[in-house]
Amino acid sequence: MKKKVCNPSRMIPECLLCGLILLLFSFSTASAQGISGKVIGEDGQPIPGVNVIVEGTTTGTITDFDGNYEISPGTSDPVLTFSYIGYETKRVPVGEQKIINITLVSDVEALKEVVVIGYGTQTRTNMTSAISTINPEEVMARQTPSTISLLQGRSPGLQIVQNSSLPGAESNQIRIRGQGTFSSAGSNPLILIDGVEGRLELLNPNMIEDISVLKDAASAAVYGSRAANGVILVTTKKGKGGRLNVEYSYNYSVQKPSIKIKRISDPVEYMELVNKAIDYSGQQPQWRYTDEEINMYRNGEIPTADWTEWLIRDSPIHKHFLNFSGGKEGTTFNAGLGILDEEGLLLATDYKRYDAQVNFKTNLGGRVTFGSNISLAKDKRHDTAFQTGSRPSQLLTSNGSEDQMLAAYAAPPLSTPELPDGSGRFTGLVLENKGGNKNPIAIAKGGGGKEWVSTYLMFSPYINVEIIEGLSAEIKGAFRFEEEMGKAFVAVAETYEFFAPHNFSGITASTNSLFQRNTRENQYTLFGTINYEKTFKEVHNLTAMVGYQQENYRNDRLEAYRTNLSSKELWEIDAGPPAVQNNGGTAFEWALQSFFGRVNYNYMDKYLFEASFRNDASSRFPEANRWAFFPSVSVGWRMAEEAFFSNVNWVSELKLRGSWGQLGNQNIGNYPYQSTLSTTEYNFDGTLVQGITLRDLINSNIKWETTTVTDIGIDFSLFNSALHGSVDWYKKTTKDILRDLQVPSHIGVGAPVINDGILENTGWEFTLGYRNSIGDFNYSINANLETYKNELIKFGAREISGVNLREEGLPYNQYYVLINDGVYQNQAEIDNGPVPDYSGSTPPKPGALKYRDISGPDGVPDGRIDLQYDRVPVDGVFPKINYGLNFDFNYKSFDLSVFVQGVHGRKTYVREWGVSPFRQASAPPVWWRGAWDGEGTSNTIPHIYIDGWSPNSPNSTFWLGNSSYWRIKNLQLGYTLPVDMAGKLLMKNFRVYVSADNLYTHTKFFQGLDPERASSGSSRGAIYPQATIYSFGVRATF
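Under mature numbering (1 follows the signal peptide of the UniProt record, and there is no 0), the letters of the sequence shown match residues -32 to -1, 1 to 1006, in that order.
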């Protein structure tokens, strides 16, 4: 087996930096004189929880409940800063002082923590809607290449499932407060970057300044038809006035699979189990392995291998980031440049990205400000080219890396991927007449591949005019351009018989073929807003905003296909003969026009009110239903500001809030209400004639899906904000869901789309945080938890699809299976038990799975097991609880953070590779060694059998695994150089760290399968594995 060898030259900088860490550790123990004191407020009362920091370092502490503190600065000429929410920050040079007592003065402005909301900002204390904020510094602790995955577990109500670690295509599923619809409109939230729809996966996380998650209708209504599934607002870093700041960071990581299936890898054990399974399942005897064949492996005459060891590799990731920031004379800028170079866990998978972000703002004189945000990205990724499907386009859309995994799992442990003669030729068939699968190593190394090259540009200039004091107007435009060229080249990969019985011979492979698709997207957005802000008589605070927006989107696609290409090296369409060709192209477009507004009023920052609206028109609906109105209203009461709370000193903030509003969804396809035609061929008198046919029946009265959200919440902060949190209850109902009408198949055209469905999600969300200190040791704990229930309120006639049931009163896609009731121990149990009406002509035998008799035609058990009456709904499609825990610890210049994320109460159905025995000849996982092998040996695992044996084939709870889990998503240890030492090295700041992602997973799921997967139905067992990532990084500021 060939394994990748790390380049020693790459490790030299890392080793030097590790030595630097050890050197710096000795300095960290040195400290200047110890300082102590007490912090009180203007009323003379002690203030617990005040941050006491040595300026320019990470050394700090927090005052205790009596306002006392102790700190050892550890630097020469130290300056202490005392800061606390609601008070002015105070700087005190230490000098010769050993006791420093401080009185903090209230600061009204400090209470106004600003949160990014739709088309503006708002102070947190005056928020009346359900908005979560995510700290970019916390998410940056993780080193996963996927920017979207960084948000996982950081906000209640935000559910992110990372299905794989495929470089550049991690296939993240994003939901805010559950599944909002079951239509083609989808449940993905709207993602806005600097106010414009963008690709978060292409944004360098080092450029993120703020992240807000809008979860209820009151916060998202200003986005109307785009916001039914919630909104994620991302703000990139802006420049600040002053001297030029330069920051550079580098991260080196090594990936390993986080979970791996342990399969039976001993060839003799495998062959004997195959024979045992064939005998039990009644398969053809000629497929049994002979004693002669088994003895050849027993005697070590034939080399073998676990093929997954050849396919999966430890792979490096390199990340560089360079940032420039500064400004003067009314002009500020921030520019970031990033490089990501990732080698995939599987052979022939990799990803490289170059990105740049430039933000600037300048005062044009007087009250006029001009600015712009510019994003650029260029990336390239590779995957293998397994040829699946009958259409050429499926060459590009099929999941090559997943097929790689399946082929590796399906390879019996009876050979090696390359012939043992040292020729480097690839193995094909394993044993004569025993069949075989595609060799994934051969395809990865010599079977062509897939390549995607994309270019991304976002340019959004804006101009802001302050008309008079408190009244301003802004006009902003945005142009998004994206172009992707995808190629799938399937090359002849010559493979040879491994054992026939000793002769190697070539196996004919398919011809070289190439499919290419070029896609270009253009999106134009223009919007303008007018903002007004005024305070009347010092107690009435009013802000208002009205705006207009329009969007135009167009997608153009060209594709071509060639076969019989003469060369493996030339991936070009013209390299194939024109006689064998297939070309095509298409285009589509849509447009939106919107008016929106919002008004906020509060009385004495105590009684809060907000109302907003959006009026949308979408080209995707017929003229009569093109416009839709989405309103919202919310209120809040800051109880802690009332006079009767004045003596409750331990309550810093207590706010009740409630909201109601409506949102829409227009992502339903582009022409659902119009008659569309397609070309086809008709047989006239034995001759094929080109013609045109109607594709689908239409419904000219379709209208918007509408989501109504009610939210009631409470925010609290106790003990001078040492303890803080929030509780929310919500009800989210989507009605008029668009779905296909059921029509008889003999009509010959597609079904029309109708508004007919209601889906409801109700749930609770909790956040809780605590911070404290013990001397120089500071710590904080933050937790979030969500629990929700999904229910299909209106659906029509129930539908059964595989293992899923869609029926009113149940969660959407509820599992619908037989209840496994153990294993038949003897023939008497079969004879005296319910009659099996599920296995066709093959009756069960001792060792087969046993099922429970639930019901019959009369609604009571009838002594028979049949699929019509004995399948039952089983919970688990949606988790009962999602949660995240973050622990931060700081001691002097050292910091440690631990992030844990998990789900509880979820099940995943898997009856394929990695679970079902001998599926496509694949070796079963090791837990099948505990299979039934005689009466009383097992009542949980049936007798070993060949996949497809009908008595064990019905969908049942046996295949429903408990996919609840908790996972240490990130652990990071860092050291920050004291500021005076950094200054001697001509740096403002220097930090070094080590971290691990996906370090540990606790689960009771099927051994070797990743429980973190998005599946509500039958799932292929083998997917691109998630990665455990070990990282080393440095960050320096000059």
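From the three backbone atoms N, C-alpha and C, an ideal C-beta is built for every residue, glycine too.
If residue i sits next to residue j, beta carbons under 8 Å apart, how far is it from one beta carbon to the other, in whole angstroms?
i: ARG122; j: GLY852; result: 6 Å
i: ILE726; j: ILE742; result: Not quite, the Cβ-Cβ distance comes to about 54 Å (not below 8 Å), so this is no contact.
i: ALA891; j: PRO380; result: 6 Å
i: SER600; j: TRP558; result: Contact flag wrong, Cβ pair sits at about 25 Å.
i: TYR37; j: VAL82; result: In fact, because the Cβ distance is near 28 Å, the residues do not count as touching under 8 Å.
i: ARG566; j: VAL84; result: About 14 Å separates the two Cβ atoms, so there is no contact after all.
i: ASN490; j: PHE427; result: That pair is no contact at about 12 Å.
i: THR463; j: THR352; result: Actually they are not in contact, since the Cβ atoms of THR463 and THR352 sit about 15 Å apart, beyond 8 Å.
i: ASN788; j: LEU817; result: 6 Å
i: TRP697; j: ALA185; result: At roughly 14 Å, the Cβ-Cβ gap does not stay under 8 Å, so TRP697 and ALA185 are not in contact.
i: VAL791; j: SER906; result: 6 Å
i: ARG625; j: GLY681; result: 5 Å
i: ASN480; j: VAL458; result: 7 Å
i: ILE822; j: PRO829; result: 7 Å
i: ASN499; j: MET513; result: 5 Å
Would you identify the three-state DSSP class for residue i, choosing helix, strand or coil?
i: MET453; result: strand
i: TYR698; result: strand
i: GLU591; result: helix
i: MET426; result: strand
i: LEU709; result: coil
i: GLY770; result: coil
i: ARG874; result: coil
i: residue 1008; result: Since the displayed the chain opens at -32 and closes at 1006, residue 1008 lies outside it and no answer follows.
i: ILE435; result: strand
i: residue 1009; result: Absent from the model: residue 1009. The displayed extent of the chain is -32 to 1006, so no value can be given.
i: TRP420; result: strand
i: LYS952; result: helix
i: ASN174; result: helix
i: VAL603; result: strand
i: ARG959; result: strand
i: ARG839; result: coil
i: PHE926; result: helix
Suppose you measure from the CA of residue i to the CA of residue j; what does that come to, to the nearest Å?
i: TRP275; j: PRO910; result: 27 Å
i: ARG167; j: HIS288; result: 20 Å
i: residue 1013; j: GLY942; result: It is not possible to answer for residue 1013, since the shown part of the chain is limited to -32 through 1006.
i: ASN341; j: GLU169; result: 17 Å
i: GLN634; j: GLU728; result: 18 Å
i: GLY9; j: ASN69; result: 11 Å
i: GLN555; j: ALA585; result: What sits at residue 555 in the sequence shown is Ala, not Gln. Between ALA555 and ALA585, the C-alpha separation is close to 21 Å.
i: ASP347; j: ASP664; result: 38 Å
i: TYR998; j: SER963; result: 6 Å
i: SER187; j: LEU533; result: 56 Å
i: ARG874; j: GLU880; result: 19 Å
i: ASN969; j: ARG281; result: Asn is not the amino acid found at residue 969; the sequence shown has Thr there. Approximately 20 Å, taken between the alpha carbons.
i: VAL460; j: LYS671; result: 51 Å
i: GLU591; j: VAL1002; result: 57 Å
i: PRO41; j: ALA109; result: 26 Å
i: GLU64; j: PRO173; result: 43 Å
i: SER44; j: ASP948; result: 8 Å
i: ARG231; j: TYR933; result: 22 Å
i: TRP278; j: GLN975; result: 21 Å
Report the residue ranges of all beta strand (DSSP E) runs contained in full by the region 781 to 820; include only those spanning at least 3 residues, in chain order. 782 to 785, 788 to 791 and 817 to 819
Decide yes or no for the touch test of the region 157 to 171 against the region 94 to 101: beta carbon pairs closer than 8 Å, at least 3 of them. no
Would the region 531 to 538 count as touching the region 564 to 581 if we require 3 or more Cβ pairs under 8 Å? no
Any chance the region 904 to 923 sits against the region 871 to 886, with 3 or more Cβ pairs inside 8 Å? yes
Which runs of the beta strand (DSSP E) at least 3 residues long sit entirely within the region 62 to 148? Give them in chain order. Counting only runs of 3 or more, we get 82 to 85, 88 to 91, 99 to 102, 126 to 130 and 140 to 144.
Using 8 Å as the cut-off, can you tell me whether the region 184 to 201 makes contact with the region 233 to 244, which would need three or more C-beta pairs spanning the two stretches below that distance? no
Does the region 119 to 133 come close enough to the region 257 to 270 to have 3 or more Cβ pairs within less than 8 Å? no
Check whether the region 293 to 307 and the region 202 to 210 touch, using three or more Cβ-Cβ pairs below 8 Å as the test. yes
Quick check: the region 324 to 340 against the region 386 to 395, are there 3 or more CB pairs under 8 Å? Not touching, per the Cβ criterion.
Touch check for the region 605 to 612 and the region 655 to 670: three-plus C-beta pairs under 8 Å? Between the region 605 to 612 and the region 655 to 670, the count of C-beta pairs closer than 8 Å stays below three; the two stretches do not touch.
Are the region 492 to 507 and the region 169 to 179 touching by the rule of at least three beta carbon pairs closer than 8 Å? no
If you pair each beta-carbon of the region 546 to 554 with each one of the region 515 to 529, do three or more pairs fall below 8 Å? yes
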